[in-house]
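**Q** FYI, in the numbering used here the residues of the sequence shown are 3 to 140.
All C-beta atoms in this analysis are idealised placements derived from N, C-alpha and C, irrespective of residue type, glycine included.
Note that the structure is a prediction, hence the values are computed from the model and not measured.
One structure is given below, represented as structure tokens, and several questions about it will come after.
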Amino acid sequence: MEDVAAQSAHAEGVRRLLNSYRAIPAGASVRLAKPTSNLFRARAKRAAPGLDVSGLANVVSVDPHGQTADVAGMCTYENLVAATLPFGLSPLVVPQLKTITLGGAAVGKSPIMPASPDLDAKPEVVDGLVKIIRKFGS
């Protein structure tokens, strides 16, 4: 079902993401500015601001007939289940950590994004992600 409020909120989240990207100084590391931490690796403190992804954690729309959901990039399983259950839908598998993002749960399912990526040791992955992100800022 199309939800105009959800579409509008998503557009605002994208706007904030792009503005936060533009605020990162040239040469500074690009990282997510999110309140949760990685449970398995410590995060180094950075002086530069991160990407504001706070407006990209929700379900944008649910298609009960197609049994699909359009979700924002930081959507958690908790939010996905809350939005799909009223239609009698739910993911087949829901991680034990309810705040894990859909993308976070998918890490380890692709050879280019291993289960515990050490991105400092994989410059080709970082370069690819940076190119994708920079296209959004154009």
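Select from 13, 10, 55 and 49 the residue whose C-alpha is nearest the C-alpha of residue 22.
**A** 55
**Q** Residue range of the beta strand (DSSP E) that residue 63 falls in?
**A** 61 to 65
**Q** Whose CA, out of 130, 89, 101 and 32, lies closest to the CA of residue 60?
**A** 101
**Q** Identify every residue that forms a DSSP beta bridge with residue 34.
**A** 53
**Q** Among all the DSSP beta bridges, which residues are the ones paired with residue 71?
**A** 64
**Q** Looking at C-alpha atoms only, which residue of 63, 57 and 26 is the closest neighbour of residue 89?
**A** 63
**Q** Roughly how far, in whole angstroms, is the beta-carbon of residue 53 from the beta-carbon of residue 76, given that I think they are within contact range, below 8 Å?
**A** The pair is not a contact, with the Cβ atoms about 10 Å apart (cut-off 8 Å).
**Q** Do residue 82 and residue 95 count as a contact pair if the criterion is CB distance below 8 Å?
**A** no
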